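To start, the structure under review is shown below, and the notes come after it.
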Amino acid sequence: MSPELTIEPNYPLQALNTFGITAQAAAYVRISSTSQLQAALQEPALAGMPRLILGGGSNIVLTGDFAGAVLHMATRGMRLAQASFDTILVTAAAGENWHAFVQWTLAQGVGGLENLSLIPGTVGAAPIQNIGAYGVEIKDVLHSVSVLHAASGIVFDMDRDACRFGYRDSIFKQADGAELIVLEVTFALPAQWQPNLRYAELAQAVAEQQLANPSAQQVADTVIAIRRRKLPDPAVIGNAGSFFKNPVVSKEYCAQLLERYPALVHHAQPDGSEKLAAGWLIDQCGWKGRNLGPAGVYPRQALVLVNNGGARGADITGLAEAIRKDVEARYGVLLSPEPVFV
1 MSPELTIEPN YPLQALNTFG ITAQAAAYVR ISSTSQLQAA LQEPALAGMP RLILGGGSNI
61 VLTGDFAGAV LHMATRGMRL AQASFDTILV TAAAGENWHA FVQWTLAQGV GGLENLSLIP
121 GTVGAAPIQN IGAYGVEIKD VLHSVSVLHA ASGIVFDMDR DACRFGYRDS IFKQADGAEL
181 IVLEVTFALP AQWQPNLRYA ELAQAVAEQQ LANPSAQQVA DTVIAIRRRK LPDPAVIGNA
241 GSFFKNPVVS KEYCAQLLER YPALVHHAQP DGSEKLAAGW LIDQCGWKGR NLGPAGVYPR
301 QALVLVNNGG ARGADITGLA EAIRKDVEAR YGVLLSPEPV FV
C-alpha cells in the first residue's frame with residue numbers, strides 16, 4: 001500500500017450524505033491532494049472495486065451499502081488573480097465547501113457568485129451538477145475545470161464548452177465523462193460588478209429592503225434569507241435540496257395544460273419550449289407536507305424530499321416514485337430526479 005494512503009474498511013457513510021441515510025462503504029480513503037488521488041487509483045488493494053468519488057454528499061441517495069471504495073475529496077485551497085481589466089479569475093479546490101467559498105470571494109471584494117449562496121455541497125460538485133439558483137448557473141461564470149482522467153492518470157483543463165453543460169447536467173454525468181475527476185474549478189468573475197436581479201423573487205426581496213444599489217454581500221444575504229425561509233437545513237432535517245428537475249415541455253403541450261390548469265406555473269425558454277415548476281406540480285398533487293413512512297415532502301417546499309428520521313434509501317426512492325407516478329398520471333409530465341442514486 002502507498003504510504004500516502006489510509007484505507008478504512010466498512011466505513012459508515014451517514015455523516016457523509018446530507019440525507020443522513022445509514023449505509024457503509026467497503027473501503028474509504030480521504031483524499032487531501034492530487035498525489036493521494038493518483039495513489040488511490042493505482043492502489044492494488046482497491047483494484048477491481050467499484051469507485052465512488054464523494055464530495056459533500058449533497059446530491060446522492062444511498063440505496064444501500066456501497067460494495068466498493070469511496071474516495072472522499074477533502075482537498076483545500078482558494079486563490080484569485082486578475083485576468084484582465086474586466087475579469088477576475090477565482091480558483092478553488094474540489095473539496096472546498098461551496099458556500100464557504102462564495103463567502104470567501106465576497107470577502108475579497110469579488111462579486112458574481114452571490115446568487116448561488118448557501119447551496120450545499122462542495123466546489124467540485126458545482127460543475128458536475130451545473131448548479132444554479134436565482135438566475136445564475138455555473139455555466140454562466142465558469143472559466144475552466146482541472147480534471148484527472150482516472151484511467152490514464154493524465155491531468156488537464158477543460159473549458160466551458162468542453163464541459164457540455166445542460167440543465168443540471170454536464171459531461172461529468174455522462175458515460176464519456178465517467179473517468180473525469182474534478183480537481184479544482186476556476187471561475188471568471190466581473191471586475192466591474194453589477195447585481196443580477198433578473199429572478200423576480202430575488203428582485204422583490206431586494207426591493208422590499210429598499211436597497212436601491214445593493215452590494216454583492218447584500219444580494220448574498222438576501223439569497224441566504226430566502227433559502228433559509230424556504231429550505232430545510234440538512235444538519236437538522238436530512239435532505240438533498242431540490243429533488244426533481246423542473247420539467248421542460250413543448251410550447252404546444254404547455255398550451256394544452258394551461259387550458260385545463262390556468263394557474264400552471266411555466267417559464268418560456270429561449271428555444272421556444274416551456275419549463276414547468278416541478279414544485280407546483282407536486283404541490284397540486286397533494287404531496288406537500290405528506291409523509292410516506294420515515295420519508296416525506298417538506299411542508300414549506302414541495303420540491304424537497306426529507307428524511308424525518310431513520311429513512312433508508314428505499315424509503316426515499318419509494319416516495320420519489322410515488323410522486324413521479326402521481327404527477328405523470330395527472331399532467332402527463334415525467335419528473336426526473338436531480339440526485340444520483342448509488
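Following full-length UniProt numbering, the numbering of the sequence shown begins with 1 at its first residue and continues without gaps.
Every residue, glycine too, gets a C-beta built ideally from N, C-alpha and C.
Computed from a predicted model, the values in this text were never measured in an experiment.
Have a look at residue i and residue j and give me their C-alpha separation to the nearest angstrom.
i	j	result
Ile171	Ser32	24 angstroms
Asp326	Thr87	47 angstroms
Leu281	Leu106	36 angstroms
Asp315	Leu62	11 angstroms
Cys285	Gln38	48 angstroms
Ser144	Leu189	12 angstroms
Gly166	Gln108	30 angstroms
Arg229	Ala151	44 angstroms
Asp159	Gly293	45 angstroms
Ala295	Gly20	11 angstroms
Ile53	Ile323	29 angstroms
Thr186	Gly77	12 angstroms
Val248	Glu208	31 angstroms
Asn10	Leu264	48 angstroms
Leu116	Ala191	18 angstroms
Pro12	Ala100	25 angstroms
Ala178	Val102	27 angstroms
Pro232	Phe66	27 angstroms
Gly112	Val141	8 angstroms
Asn246	Arg168	10 angstroms
Ala277	Cys254	12 angstroms
Gln24	Val90	35 angstroms
Ala175	Phe85	39 angstroms
residue 351	Ser336	One cannot answer for residue 351 here, as it falls past the ends of the chain, which runs 1 to 342.
So, does the CB of residue i fall closer than 8 angstroms to a CB anywhere in chain D?
i	result
Ala45	The question asks about chain D, but that chain is absent: this structure has only one protein chain.
Provide the residue span of the beta strand (DSSP E) that contains residue i, from first to last.
i	result
Leu37	Element bounds for Leu37: not the beta strand (DSSP E) but the alpha helix (DSSP H), 34-42.
In the DSSP assignment, what residue or residues form a beta bridge with residue i?
i	result
Ile88	Gln82, Leu189
Pro9	Ala27
Asn307	Gly238, Ala295
Val69	The question names Val, but residue 69 in the sequence shown is Ala. Answer is Ala27, Arg51, bridged to Ala69.
Asp157	Ser146
Val136	Ala133
Pro337	Phe244
Gln266	At residue 266 the sequence reads His, which differs from the Gln that was named. Partner(s): Leu276.
Asp169	Gly166
Ile60	Val340
Glu184	Ala93, Ser146
Thr75	Answer is none; Thr75 lacks a bridge partner.
Thr122	Asn97
Around the C-beta of residue i, are 16 or more other C-beta atoms found within 10 angstroms, so that it is buried, or is it exposed?
i	result
Thr6	exposed
Val340	exposed
Arg227	buried
Gln129	buried
Ser250	exposed
Gln210	exposed
Gly279	buried
Lys56	The amino acid at residue 56 is misidentified as Lys; the sequence shows Gly. So Gly56 counts as buried.
Ser58	buried
Gln301	buried
Gln36	buried
Leu334	exposed
Ile154	exposed
Asn196	buried
Asn213	exposed
Arg198	exposed
Leu202	buried
His267	exposed
Phe244	buried
Leu319	buried
Leu183	buried
Arg260	exposed
May I ask which residues mark the beginning and end of the alpha helix (DSSP H) holding residue i?
i	result
Ala94	Unbroken run through Ala94: none, as it is neither H nor E.
Ala203	200-208
Gly313	313-331
Leu258	251-260
Arg290	Unbroken run through Arg290: none, as it is neither H nor E.
Ile224	216-230
Three or more C-beta pairs below 8 angstroms linking the segment 293-309 and the segment 230-250: These segments touch.
Contact between the segment 86-99 and the segment 115-130 (3+ Cβ pairs under 8 angstroms): Yes, the segment 86-99 is in contact with the segment 115-130.
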